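Chemist: In my numbering, the protein residues as written are 553 to 1119.
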Ligand code: NOJ
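1. Would you say the beta carbon of residue 756 comes nearer than 7 Å to a heavy atom of the ligand NOJ?
2. Please confirm whether any heavy atom of the ligand NOJ lies closer than 7 Å to the CB of residue 842.
3. Which residue wins for smallest C-alpha separation from residue 946, given the options 606, 699, 616?
4. Any idea if residue 722 is buried or exposed, counting beta-carbon neighbours within 10 angstroms, 16 or more meaning buried?
5. Report the CB separation of residue 1033 from residue 1112 in whole angstroms; it is logged as a contact under 8 Å.
6. By Cβ distance, which residues of its chain are closer than 6 Å to residue 1004, with the 5 residues on each side in sequence left out?
7. Looking only at its own chain, which residues have a Cβ that is under 7 Å from the Cβ of residue 668, when we skip the five neighbours before and after it?
8. When the Cα atoms are used, what is the spatial distance from residue 1108 to residue 1050?
9. Which one or two residues does DSSP pair with residue 567 in a beta bridge?
10. On the DSSP bridge assignment, give the partners of residue 835 in chain order.
11. Where does residue 912 sit, in a helix, a strand or coil, going by DSSP?
12. Should residue 875 go down as buried or exposed, given a rule of 16 or more other Cβ atoms within 10 Å for buried?
13. Taking its Cβ as the centre, do 16 or more other Cβ atoms sit within 10 Å of residue 984, making it buried, or is it exposed?
14. Closer than 7 Å by C-beta to residue 772: which residues in its own chain qualify, once you throw out the five before and the five after it? Chain order, please.
15. If you run the structure through DSSP and keep just helix, strand and coil, what is residue 1046?
16. In the DSSP output, which residue or residues are listed as bridge partners for residue 648?
17. Just verifying my parser: in three-state terms, what is the DSSP assignment at residue 842?
18. Going along the chain, which residues of its own chain have a beta-carbon closer than 7 Å to the beta-carbon of residue 726, five neighbours each way excluded?
19. For the stretch 734 to 751 against the stretch 794 to 805, are there 3 or more C-beta pairs whose distance is under 8 Å?
20. Answer yes or no: the CB of residue 613 versus the heavy atoms of the ligand GDP, is any distance below 7 Å?
21. Going by other Cβ atoms of all chains shown within 10 Å of its Cβ, with 16 needed for buried, is residue 558 buried or exposed?
22. Does the Cβ-Cβ distance between residue 1088 and residue 898 come in under 8 Å?
23. Is the beta carbon of residue 646 closer than 8 Å to that of residue 606?
24. So what's residue 736 in DSSP terms, helix, strand or just coil?
25. Which partner residues does residue 692 have in the DSSP bridge list?
26. Cβ atoms of residue 912 and residue 1059: under 8 Å apart, would you say?
27. Using beta-carbon positions only, say whether residue 651 and residue 604 come within less than 8 Å of one another.
28. What's the gap between the Cα of residue 1097 and the Cα of residue 1076?
29. Please look up how many angstroms separate the CB atoms of residue 915 and residue 877, rounded, as I've assumed it's under 8 Å.
30. Starting from residue 1016 and walking both ways along the alpha helix (DSSP H), at which residues does that stretch end?
31. Let me know the secondary structure DSSP gives residue 958 once reduced to three states.
32. Among 832, 963, 859, 882, whose alpha-carbon lies nearest the alpha-carbon of residue 844?
33. Once DSSP output is grouped into helix, strand and coil, what is the label at residue 553?
34. What residue does the beta strand (DSSP E) around residue 991 start on, and which one ends it?
35. Which residue wins for smallest C-alpha separation from residue 794, given the options 586, 994, 758?
36. What does the alpha-carbon distance come out to for the pair residue 884 and residue 665?
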């Protein structure tokens, strides 16, 4: 380990529990199912598991609306099975991270239930309750902020005669982190899990946990996005995180990664730059998933490789020597990456290329369930069949401007639900996910895309992931090498180099089915390099370059350069 920080060499497997594996036969994924699959996860080379929320929740936002932070959702199990799972994961050398949602709770959480009872209830100030304004005899919300999931950000409570703030769904009221009692609650929640043996947290929309005092009106940027400047990356976010770190996290050997919408690499450094001001280990860059859309997946654009390269290189370059990256290309909030940045026609080739493209960069790779077998987007026949609250919200907004068929196309392309269909374990009924009817549609392609088949095939995407993870671990250049991008303007190829103590790694990724001529960058002789990874069997080099095949990937290792040059 370059500096003794274990998270720099780990690879994390991300589980969205409802759709991972059903162990008790009710059609819903659960912790018993995860227990059965721990060996599988470990066999990939994963060193840790991050669970999307597994706490009790009414599921208005599938677990991101928590009604009890110190328990397990009965759909998923109970504290005993969680403890067992923790022990079994640790036995296999894997750490376990939980999702910590501090920006909001569920409206069914006892804190909120109390807070809405009266203005002098001790919990009232746990949330942002405010009287409305009267304009020309009409009551309007306290300000013009909008929520991410359901129109305006304020909901009126008739009985109380006040509005509460919700930056996400109505059933996700924002917690008032300014209140020291709320911070105290979260310190206790963190200690509760860390004392049990949990190894860290992914902190949900952590850049939103402070709001401008007085909650002023926002400059209306876009009709659908108001208030960002008053709830995103305010200086108090850092103060709160520092308090959590000093009072709790510093007393444990644990890891934290912050989810950080609307955050540039420069801003991220405020939280993750190594040194006395560091409050998180890593941050999740949103720009990686904006190469085919504007700000949100629901405003699609054609895929732009240059935009993707700019995003990735920006974080690589700006964090170099200062902070550590979180690397990902899929999670539960985005549709499947092969359907977006790759090609369903060249599914295996593009899946391998995309895997190497991000995993060989500098940072901690996160792999989302199903990504390792190349799961693709669902194509359900009607919008109503997509259960996610943000999908339904986007469909409602889109229906004002698009005809029905186009709305369906948009949802099929961009809905988060695409990543939430049951994991495809085998060609058995329900993709081997459950013996009962699954809670959500299984992708019809499971007979062709599933774990069991790919286990048998040495050239499968699944086995490629294993090889790639092994390679990262065995090669310090892949872990600690510096990063340098070549041929930035190329719209079809992504080429970068890593360098570490006399060894270089050259990664060449084609993002097209077209043939493209690749010429090695100056100073690199491909005939002195060894190809260590790729997605085609036979590889020729002609005149220090080659012509790419569809979505071709080649990774070259150039070792002991000084000696090579001397020869
Ligand atoms: C980010 C989570 O990843 C997403 O799934 C959730 O809907 C929002 N935060 C709100 O908690």
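C-beta atoms are modelled at their ideal positions from N, C-alpha and C, and glycine is treated no differently.
Note that the coordinates shown come from a computational prediction; the quantities given were computed from them, not determined experimentally.
Modeler: Quick answer:
1. Taking the chain shown and counting its residues from 1, one reaches residue 756 at position 204. Checking the Cβ of residue 756 against the ligand NOJ gives yes.
2. Within the chain shown, the letter at position 290 stands for residue 842. No - the ligand NOJ has no heavy atom lying nearer than 7 Å to the Cβ of residue 842.
3. Here residue 946 refers to the residue found at position 394 when the chain shown is read from its first residue. Here the closest residue by C-alpha is 699.
4. As a first step, residue 722 must be located in the chain shown, where it is residue number 170. It is buried - the Cβ of residue 722 has at least 16 other Cβ atoms within 10 Å.
5. Here residue 1033 is taken as the residue at index 481 of the chain shown, counted from 1. Here residue 1112 is taken as the residue at index 560 of the chain shown, counted from 1. About 15 Å separates the two Cβ atoms, so there is no contact after all.
6. For the purposes of this step, residue 1004 is taken as residue 452 along the chain shown, with counting starting at 1. Cβ neighbours of residue 1004 beyond the five flanking positions: 978.
7. Numbered from 1 along the chain shown, position 116 holds the residue referred to as residue 668. 709, 712, listed in sequence order.
8. As a position in the chain shown, residue 1108 is number 556, starting the count at 1. As a position in the chain shown, residue 1050 is number 498, starting the count at 1. Straight-line Cα distance between these residues: approximately 10 Å.
9. Taking the chain shown and counting its residues from 1, one reaches residue 567 at position 15. 603, per the DSSP bridge assignment.
10. Locating residue 835 in the chain shown gives position 283, counting from the first residue. Residue 835 is bridged to 810.
11. Taking the first residue of the chain shown as position 1, residue 912 is located at position 360. Reduced to three states, the DSSP call for residue 912 is coil.
12. One-based indexing of the chain shown puts residue 875 at position 323. Buried, because 16 or more other Cβ atoms sit within 10 Å of the Cβ of residue 875.
13. Locating residue 984 in the chain shown gives position 432, where the first residue counts as 1. Buried, since its Cβ has 16 or more Cβ neighbours within 10 Å.
14. Translated into positions along the chain shown, residue 772 becomes position 220. Within the same chain, residue 772 has close Cβ partners 696, 778.
15. Your numbering for residue 1046 matches position 494 in the chain shown. Three-state result, residue 1046: strand.
16. On the chain shown, residue 648 is found 96 positions in, with the first residue counted as 1. BP columns for residue 648 point to 601.
17. By 1-based counting over the chain shown, the position of residue 842 is 290. If DSSP states are grouped into helix, strand and coil, residue 842 belongs with coil.
18. The residue labelled residue 726 in the question sits at position 174 within the chain shown. Cβ neighbours of residue 726 beyond the five flanking positions: 655, 656, 679, 680, 717, 718, 719.
19. yes
20. This structure lacks the ligand GDP; its bound ligands are the ligand NOJ.
21. Mapped onto the chain shown, residue 558 falls at position 6. When all chains shown are included, residue 558 counts as exposed.
22. Counted from its first residue, the chain shown places residue 1088 at position 536. Counted from its first residue, the chain shown places residue 898 at position 346. Not closer than 8 Å, so no.
23. As a first step, residue 606 must be located in the chain shown, where it is residue number 54. As a first step, residue 646 must be located in the chain shown, where it is residue number 94. In this structure, residue 646 does not lie closer than 8 Å to residue 606 by Cβ.
24. Walking along the chain shown from the start, residue 736 turns up at place 184. Reduced to three states, the DSSP call for residue 736 is helix.
25. Residue numbering aside, residue 692 sits at position 140 when the chain shown is read from its first letter. The partner list for residue 692 (beta bridge, DSSP) reads 685.
26. Counting from 1 along the chain shown, the entry for residue 1059 is found at position 507. Counting from 1 along the chain shown, the entry for residue 912 is found at position 360. In contact: residue 1059 and residue 912 (Cβ atoms closer than 8 Å).
27. Position 99 of the chain shown, counted from the first residue, corresponds to residue 651. Position 52 of the chain shown, counted from the first residue, corresponds to residue 604. Yes, they are a contact pair.
28. Taking the chain shown and counting its residues from 1, one reaches residue 1097 at position 545. Taking the chain shown and counting its residues from 1, one reaches residue 1076 at position 524. The alpha-carbon atoms of residue 1097 and residue 1076 are separated by roughly 10 Å.
29. For the purposes of this step, residue 915 is taken as residue 363 along the chain shown, with counting starting at 1. For the purposes of this step, residue 877 is taken as residue 325 along the chain shown, with counting starting at 1. The pair is a contact, with the Cβ atoms about 3 Å apart (cut-off 8 Å).
30. As a position in the chain shown, residue 1016 is number 464, starting the count at 1. Looking at the DSSP string, the run of the alpha helix (DSSP H) that includes residue 1016 is 1013 to 1026.
31. Along the chain shown, read from residue 1 onward, the residue named residue 958 stands at position 406. If DSSP states are grouped into helix, strand and coil, residue 958 belongs with the helices.
32. The count along the chain shown starts at 1 and reaches residue 844 at position 292. Among 832, 963, 859, 882, the Cα nearest to that of residue 844 is on 859.
33. For the purposes of this step, residue 553 is taken as the residue at position 1 of the chain shown. Any reading at residue 553 needs caution, since the residue's pLDDT is 46, under 50, leaving its predicted position unreliable; the model's value is listed next. Residue 553: coil per DSSP, three-state reduction.
34. Working through the chain shown from its first residue, we reach residue 991 at position 439. Neither: residue 991 is in no beta strand (DSSP E) and is coded neither H nor E.
35. Position 242 of the chain shown, counting from 1, holds the residue named residue 794. Ranking the options by Cα distance to residue 794, first place goes to 758.
36. Counted from its first residue, the chain shown places residue 884 at position 332. Counted from its first residue, the chain shown places residue 665 at position 113. Cα-Cα distance, rounded: 29 Å.
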